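Each residue of the sequence shown is one higher than the last, beginning at -5 in our numbering.
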Amino acid sequence: MSMENSLQGKSALVIGGTSGIGYSVAQALLQESVSVVVQGRTHSQQLEAFYSQGNAAVLMCDLADRTYLQELCRYAQATDILCIGYGPFLQKPLDTTTMEEWINTVYANLTLPGLLVSAALSGMKERKWGRILLFGGTETQIIRGFKTNPVYGAAKTGLMSLVRSISMGYAAYRITANAVCPGFTDSRLFSQADRTALAQKSPDGKLVTHAEITDAVLFLLKNSTYNGIIMPIDKGWTSFSL
-5 MSMENSLQGK SALVIGGTSG IGYSVAQALL QESVSVVVQG RTHSQQLEAF YSQGNAAVLM
55 CDLADRTYLQ ELCRYAQATD ILCIGYGPFL QKPLDTTTME EWINTVYANL TLPGLLVSAA
115 LSGMKERKWG RILLFGGTET QIIRGFKTNP VYGAAKTGLM SLVRSISMGY AAYRITANAV
175 CPGFTDSRLF SQADRTALAQ KSPDGKLVTH AEITDAVLFL LKNSTYNGII MPIDKGWTSF
235 SL
């Protein structure tokens, strides 16, 4: 197994990096002496500390506004490490999903990441080094059906296929692509009642923390041997639910 001790001196673009898991990943990369650009659309007190670090920058834009796409692709082409944590969730039965919801959900969770990956690969090939880290959804590492979130599940499952395609096609350029599929995550977006209910579904009765997910992300980014890995971070929920 080939383990790289440091990502020092590399550059990273973290999509969805101004809050939640993405912010945690961005902070961890900064601690590895990586130059980090984060994309987000919300200002927060957290960002003040982020701005104060010399090798960090913030790109504020709404990913639903496609006029930013060319600029984002330019950033992606110039980066060594691409992490995409953005992926809005849609919970709705198939028979009531509108055309707009189909288009927007698939664009956000599959088409947009794919476009950024294509841009990043062109630059990584030239530099002969690259790391791509994508995020799946709960249980989207396998082909299965979803009753309550079928469109989101289909898009994320497609994204996991993309990870395997990158790993097969670009390993010769020292480029790796991996993904993590977080389980029930401790998020401020949920009410306390929802967090309690989700924790009860977890095999150990606890939610997955941002730090636990970030540890897995760093492991995959540092380790050049692991390529095409789709890693559930769900405390055993995948095995429990099969």
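The beta carbon of each residue, even a glycine, is placed where N, CA and C say it ideally should be. What you are looking at is a predicted structure, and each value in this text was computed from that prediction instead of being measured.
- For Q33, the enclosing beta strand (DSSP E) has its first and last residue at S29 to G34.
- Its chain contains T99, V100, N103 and L104 as the residues whose beta carbon lies nearer than 7 angstroms to that of A149, once the 5 sequence neighbours on both sides are disregarded; these appear in chain order.
- Check the Cα spacing between P87 and each of F140, G14 and G222: the tightest is with F140.
- Excluding the 5 residues flanking it on each side, T208 has same chain C-beta neighbours closer than 6 angstroms at S18, V19 and A22, in chain order.
- Under the rule that a run must span 4 or more residues, the alpha helix (DSSP H) segments found entirely inside the segment 51 to 87 read 63 to 72.
- By the Cβ test, the segment 157 to 172 is in contact with the segment 118 to 133, since at least three Cβ pairs between them sit closer than 8 angstroms.
- Within the segment 137 to 179, the runs of alpha helix (DSSP H) that reach at least 4 residues and sit entirely inside it are, in chain order, 144 to 164.
- For S5, there is no enclosing alpha helix (DSSP H); the residue is part of the beta strand (DSSP E) that begins and ends at S5 to I9.
- Contact check for V31 and L76: beta-carbon distance about 11 angstroms, past the 8 angstroms limit, so the pair fails to qualify.
- Residue burial is scored here from C-beta neighbours: F83 has fewer than 16 other C-beta atoms within 10 angstroms and is therefore classed as exposed.
- Residue environment for Q2: exposed (fewer than 16 other C-beta atoms within 10 angstroms of its C-beta).
- A Cβ-Cβ contact shorter than 8 angstroms links V211 with V174.
- If you look at G16, you'll find it in the alpha helix (DSSP H) that goes G14 to Q25.
- For L110, no beta strand (DSSP E) run applies; the uninterrupted alpha helix (DSSP H) run containing it begins and ends at L106 to R121, by DSSP.
- The alpha carbon of M162 has as its nearest neighbour, out of G108, Q71, G222 and A113, the alpha carbon of G222.
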